[in-house]
Structures are given as C-alpha cells and as structure tokens.
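Residue numbers -22 to -1, 1 to 517, in mature numbering (1 follows the signal peptide of the UniProt record, and there is no 0), belong to the letters of the sequence shown in order. These notes are about the structure you will find just below.
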Amino acid sequence: MTSSLIPFLLCLLSTGLNVADAAGGSWKQVLAKGGVSAMHMQLLKNDRVIIFDRQDFGQSQIMLPTSKCDPAKVPKTTDCSAHSVEYNVAANTVRPLMIQTDVWCSSGSVDRNGVLIQTGGNGAGSKVVRTMEPCTNGCDWAEKSNALLAQRWYASVQILPSGEEIIIGGRGQFNFEFYPKTTFKDLYSLPFLSQTNDKGIENNLYPFTFLNTDDNMFVFANNRAILLDYKNNRVVKTYPTIPGGDPRSYPSTGSAAFLPLRNLEAANIVTEVLVCGGAPKGSYVQALSGKFVAALNTCARMKINDAAPAWVVETMPSARVMGDMTLLPDGTVLIVNGAGRGTAGWESADTPVLTPVLYHPGNKVGSRFESQNPASTARLYHSTAILLADGRVLVGGSNPHAHYNFTNVKFPTEVSLDTFSPSYLDAGSSGLRPKIYLPVSQTRVGYGNRVDVRFRIQGTVNLNQIDVVMMAPTFTTHSFSMNQRMLVLTKGTIRSLGKKTYQVPVTTPKSGVLAPPGFYFLFVVHQGVPSVANWIQIQ
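Now the structure itself:
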C-alpha cells in the first residue's frame, strides 16, 4: 500500500451520516430592531457587544445623536444613520456609534487591556486601525489613518504571545504584517496565499488562522494549510489537501474551529483543527449566473502536530455554506447560520439552513453530530454568532444585498438579534449549574499560577464531573471566529467548604503560547452545565 492512499482510506472509514436523534436548545429574539445588521461582532470585558457593518450601506434603522450628525465627516453617505452599535447584554439595549471610514469586510481582536483593535476595511478604510474602549460612559470609535502597511480587506487576525496581533492576507495581499509594530515592523511575503488564489474567484480570503501550541501559526486557505514560523517567515510544515479538493474559505465559505486544548501540562498537547462546510469548485462562478450549487456536507478534522497529519472527513446532517462555528463551554461546537446552496456574496445563495448542529469532539466517529431545534430567522451572507458570558450564543446579521433591503426581496436585511440557549441552560439543569464566587470578575492572574476557584452548586453534586475552563472572546465575521480558543485547566483536589460550596485549585496556562495575554471567560462546568463566566485577565 502506498503512503498516499492512507489519508484517503482514513476518510472512507470515517465517513458516515450517523446523527443523534435528540433535538435540543431554544431560541429567543432579544431585539427585533438592533438598528445595524451584524456583519461583525466582538464581546468586550464589560459584557457589551460591538456590532458594525459596511459604512456606506445606505440608511440603517438607528440614527446617530444630533451632536454627531455630520454627513460631511463620513464619505459616501448622505444621512445620519449609524453603522455601528454597542449592544448592552444585561439591559438588552443598543447605543449608536460613529464610524467615519468603511469597515466592510474587516478584521479585529481585543488587546491585553481589553481594547478592541479593529483593522482595515474597504477603500479609504483599508489601512485604518480603529479602537473601541470597553467603557460605560458613552465612549466611541477612535480612528488612526495609514496605520497599516497594506490594504487589509478580507484579512484575518490572531493575537500572539507578545500581545501583538498578526494580520494575514486580504484581497490582493499575499503577505502579513503586525500591529502594533513593536517587534516586527515590516511587510512580509507569504507565497502560500498566492498559491491558493483561484484567479477570478480567490478562495483564499479570510484564511483560517490559529496559534499552535508550538508558537507557530496554522494558516488554512482554499483547501490546504501550512504551519508558519511567523517570527522567521518560514514554512515549517505543509499539510495535505482536504480530500476531494473543494475550497473551504471565502467565497466558498466554510468555517473552522480550534478544538479545546486539554492536558495543558503535557509535553505534547493534542492540537486539532476542525473545518466544516463550504462550496464545491465552480460554485461561485455558477452563482453569478443565478445557479446555486448544493453546498458541502462534510467536516474535516486533523491533529496538526502529528508526525504524519491526515484529515479525517465526517458527514454533517446537512450541507452548509456560510455557517458559523462557536465553541461552547461544555466542549461542544455549535454550527449555526448559513445556506444549503450557493456561496458567499450578494444574492449568491438560497435555501437557508435553520437547524443548528452540535458537534461533540469527544464522541466516536459516527456519533458526533446532534441536530438542534431550528431557528425561525434565515441568516445568510454577513451573519454572525458569538458566545456570551451566561452561556447563550448571540446570533445576528444577514444582509445578502449590496445595500439595506428590508422589503420586496426574498431574504430581507436582518437587524434583529436572537439568542440560542443550548440544552445545558434548560430549567431542568438549573440545580446542576455552578455559581462562581472566586476569583471575582476582572481578577488578574499570571502564567503558571495557582488560582483557587470557589463555587456553589445547589443540586446533587458529582465532583468527578467538574471542569474549569478559560475561553477567549472572539471577533466574528464571514463565518470565522478570530482568536477563538478554549483551555481546560489542570485542577487539583476539590474541597467541600460546607453549605454546598466547593473550592478547587487550578493552574493557569504556563505561557502566552497557550493563552495569549488578555481577558478570558472563566467557567466552572458541572456535568456539562456551565456557570455564568467571570472575566479574568492573564498577563
């Protein structure tokens, strides 16, 4: 048997549609009119979500305050509507924000101090860096022109152990750069992005990027991936093409997740990437003429640190393009939003996929997918999903048109916001749900430190089913949650303190390679039921 047949046979052995019968989870519309279609979303440490879309889309459904109403400051607009809002999760309200340059198809991250660093966009916004402070006193966007060396439109961002961010790719940009330019000040060529660029289609935009546990950067574009030594601009590993060869990145938009990291004290941490959905070759061109090809119904999973890594392919319950993949604190992956046919782009898809799917990474192949209760709102191009501190998933967006179209179209622009509550939030699980007392929210911790986590559980307790996890908040756009990361912390012996209260010592990640500096959710998970998270800052 030749070695080239091994990955193919692995895929044949693992392919199969075996879906759990149970449907769970519940939906709730939290805001009928959020004002702005949520093309981009980022949760900040004050539990406010920053939402924004294309700055020259036309009139949104929320207006700027009179004091900020100056169309002359915002090129290509003639109205005083906002194209960014701050969503207050607790109050369930939105506040209009002012953006002056176009943030269409941009990227972002949160720095070590909790400030949103938003990079690039279209036209005059393509080299702009914008910041948004996590505040409660009416702060707004600040913009810095020509802060980037290259135009960053459809680029991806990853926070590094140094606290800097690496910005990779973008339309016509086969390179990467860093921000701020503290250590790495130049523009660095990345031929891999040109090699994965299909002429006229691209399929290498918004590459899937993850910081590996060896401090190299996993970069996926089109249908294959590399491991990049970003410090020395050297490719240290080239991965096999996903079987079948169909593209998975924009505009054949699949999604990807970095699966939870466990056994953090081990010499070799198992590091896996999951890529789901996308569109077959040629779908984008056919969509331009109004023919929508069925999306891909497969996921591909790989242990990226193996000596001979190979993709293992599984079959989803249904085909999906433009889906969003969100890690949940119980270790599952929620796959939500998207279409069954077509690709990303204006008027380029139909057949909304309303039924979310949970992916259980720890189950055996063939029993990992579990269909959930369907949504009532179609969310296609420019939809998003992010995890909230209470364990719900905030879902918004969908504007498959070149401008806002609320009537007389098949899929109207959506400015509503919904939440999906996984079954761990069912009323029957309330007695199992922990409540964290220590550390208090906003506590600072160091690397490799012991932290005593104190919590209470009202119902029957199983101390053998307690996990403490850290999760990074994500910048989500175009079906990719940038900087998404979950770490299951090493724990010591759990002690009862009486009155249903317990304390467990945990060890924080040993370095910024495992957990780049910044703010994280801290959840206690009991029998698969998570607490409300407290925020911790690791540095």
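A virtual CB, placed ideally from N, CA and C, is assigned to each residue, including glycine. Because the structure is a prediction, the values reported are computed rather than measured.
Using a C-beta cut-off of 8 Å, the region 419 to 426 makes no contact with the region 456 to 475, since fewer than three inter-stretch Cβ pairs fall below that distance.
Of the candidates T161, L205, K259, K259 places its Cα closest to the Cα of G178. Looking only at Q350, A317, N201, K269, the smallest Cα-Cα distance to R279 is reached by N201. Taking C-alpha positions only, I95 is separated from S474 by approximately 42 Å.
Of the residues T362, V447, V387, the one whose Cα lies closest to the Cα of F458 is T362.
Here the C-alpha atom of G92 lies approximately 29 Å from the C-alpha atom of C58.
Looking at the DSSP output, K6 sits in a beta bridge with T397. The distance from the Cβ of F170 to that of I220 is about 15 Å, inconsistent with a contact at the 8 Å cut-off.
The region 246 to 263 and the region 224 to 237 touch, with three or more beta-carbon pairs separated by less than 8 Å. A363 is bridged by DSSP to V373.
Looking at the backbone, the Cα of I444 and that of V510 are separated by about 15 Å.
DSSP places F170 inside the alpha helix (DSSP H), whose first and last residues are 169 to 173. Secondary structure of S457 (DSSP, three-state): coil. Taking A265 as reference, the option from F499, W324, T71 with the minimal CA-CA separation is W324. By the neighbour-count definition (other C-beta atoms within 10 Å, threshold 16), H381 is an exposed residue. F384 is classed as exposed because its beta carbon has fewer than 16 other beta carbons within 10 Å across all chains shown. Counting along the chain, the unbroken alpha helix (DSSP H) around S261 starts and ends at 261 to 266. For G13 against V63, the beta-carbon gap comes to about 5 Å, under 8 Å, which counts as contact.
Proximity to K46 across L75, A69, K23, L416 peaks at L75, based on C-alpha coordinates. If the five residues before and after N190 are omitted, its C-beta is found closer than 8 Å to the C-beta atoms of F196, L205, T249, I282, N283, all from its own chain and listed in chain order. Of the other Cβ atoms in all chains shown, fewer than 16 fall within 10 Å of the Cβ of D404; this residue is therefore exposed. The straight-line gap separating the alpha-carbon atoms of P483 and Q420 is approximately 18 Å.
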